[in-house]
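Novice: If you're matching positions, the sequence shown starts at 0 in numbering that gives the first Met the number 0 and goes up one per residue.
Where is the CB? At the ideal position from N, CA and C, for every residue including glycine.
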Amino acid sequence: MPVYALSPRVSPAVPACPQPTTDDLAALRALLEAARADRRHSLAVAGPSPQDDPVGVAALAAEARDLAEIEAALARMDAGTYGRCTCCSAAIPLPRLEARPQARGCAGCPRAERVGG
Numbered sequence: 000m001p002v003y004a005l006s007p008r009v010s011p012a013v014p015a016c017p018q019p020t021t022d023d024l025a026a027l028r029a030l031l032e033a034a035r036a037d038r039r040h041s042l043a044v045a046g047p048s049p050q051d052d053p054v055g056v057a058a059l060a061a062e063a064r065d066l067a068e069i070e071a072a073l074a075r076m077d078a079g080t081y082g083r084c085t086c087c088s089a090a091i092p093l094p095r096l097e098a099r100p101q102a103r104g105c106a107g108c109p110r111a112e113r114v115g116g
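(1) Can you check which of these residues, T80, I69, G107, R38, is closest to Q18 by C-alpha distance?
(2) Once the 5 residues before and after G82 are set aside, which same chain residues still bring their CB inside 7 Å of it?
(3) Can you tell me the Cα-Cα spacing of L24 and M76, whole angstroms?
(4) On the premise that Q101 lies in contact with E128, defined as a C-beta separation below 8 Å, what is that separation, rounded to the nearest angstrom?
(5) For A29, name the three-state secondary structure that DSSP assigns.
(6) I need the DSSP call for A89, collapsed to helix, strand or coil.
(7) For R64, count neighbouring Cβ atoms within 10 angstroms of its own Cβ and tell me buried if that reaches 16, exposed if not.
(8) Hey, quick one: how far does the alpha helix (DSSP H) through D65 stretch, first residue to last?
(9) Only counting the same chain, and skipping five residues up and downstream in sequence, which positions put a Cβ closer than 6 Å to that of C108?
(10) Please work out which residues of its chain come closer than 7 Å, Cβ to Cβ, to R99, disregarding the five sequence neighbours upstream and downstream, and give them in chain order.
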């Protein structure tokens, strides 16, 4: 019977990702705060009940989830952990943050986007 040697799992080299500058963070904070105000407004003015409009209720639930993600991103900014993956602590590339300022995970950790955290 052949004997197989197990080699340690080696992750491929990931190119260094520049950290957002102070100006980048200020711009991202402004985007997040504007999005938070927009979501809060949407939730405040909407009022369908589940029996009246199930599609509307689903849309409100999505708005509430977005609001929670935005508030979590602002909390990470305040804690100094914004821009780091919540799963592996790798830097989240600036273009990803610009496209989705509330992103909590790097591209290598899709689980971070599915799991609250």
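Specialist: Reading off the structure:
(1) The residue from T80, I69, G107, R38 with its alpha-carbon nearest to that of Q18 is T80.
(2) The beta carbon of G82 lies closer than 7 Å to those of Q18, P19, A90, I91, L96 in the same chain, with the five residues before and after it left out.
(3) Rounded to the nearest whole angstrom, the CA to CA distance from L24 to M76 is 8 Å.
(4) The structure shown has nothing for residue 128, since the chain only spans 0 to 116.
(5) Residue state, collapsed to three classes: helix.
(6) Three-state DSSP puts A89 in coil, outside helix and strand.
(7) Answer is exposed; the Cβ neighbour count stays below 16.
(8) D65 -> alpha helix (DSSP H) spans 53-78.
(9) C84, C86, C87, listed in sequence order.
(10) Result list for R99: empty, nothing under 7 Å.
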